[in-house]
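Inspection log for the structure reproduced underneath, given as structure tokens.
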Ligand SMILES: [Fe+2]
Ligand SMILES: [Fe+2]
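Numbering (the working numbering), first residue to last: -15 to 143.
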């Protein structure tokens, strides 16, 4: 059982966002699996590093998409939704930078706490902040595609 399985409770009924959120869940699951002791024992943290890099790249696109929509609706960059995105990216990038330079047991701990932290954070964020974003767009009858706000790399290949 993964730390964050996909469930209907995470769906916001906005196709662009739901496919992006499913990808987030898949990439977090891939990171979690890369921490399996058998994998780490044979490959060290090479798989985990690649999985975390993929997750960071995804978050840059994912959060960037939502922020483009929010700016189009007049949300300020200091808004708490932007702040949460920024904090998550800062933490994930910090862990990524530590993988090569710190002792293995420390790195394992950072990565495990990151997986559990993101698995706890994401449902709250999606059901509150992202749901509010979808609601605001629906109220204003804004369609991402009609506004030409669809980002280029919404769904990268989930390895
Ligand atoms: Fe999101
Ligand atoms: Fe968000």
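All C-beta atoms, glycine included, are put in the ideal place defined by N, C-alpha and C. Please read all numbers here as calculations on a predicted model, not as lab measurements.
Around the beta carbon of residue 128, 16 or more other beta carbons lie within 10 angstroms, which makes this residue buried. Counting along the chain, the unbroken alpha helix (DSSP H) around residue 47 starts and ends at 30 to 56. Between the segment 3 to 23 and the segment 32 to 43, the count of Cβ pairs shorter than 8 Å is three or higher; the stretches touch. Annotation for residue 102: the continuous alpha helix (DSSP H) segment containing it runs 88 to 109. A buried status is given to residue 13, since no fewer than 16 other beta-carbon atoms sit within 10 Å of its beta-carbon. Pairing residue 22 with residue 48, the inter-Cα distance amounts to about 35 Å. No heavy atom of ligand 2 is found nearer than 6 Å to the CB of residue 49.
Counted as a single uninterrupted DSSP element, the alpha helix (DSSP H) harbouring residue 116 occupies residues 115 to 123.
With three or more CB-CB distances shorter than 8 Å, the segment 119 to 128 counts as touching the segment 52 to 60. A distance below 6 Å between beta-carbons, with the five flanking residues on each side excluded, links residue 95 to the following residues of its chain, in chain order: 19, 32.
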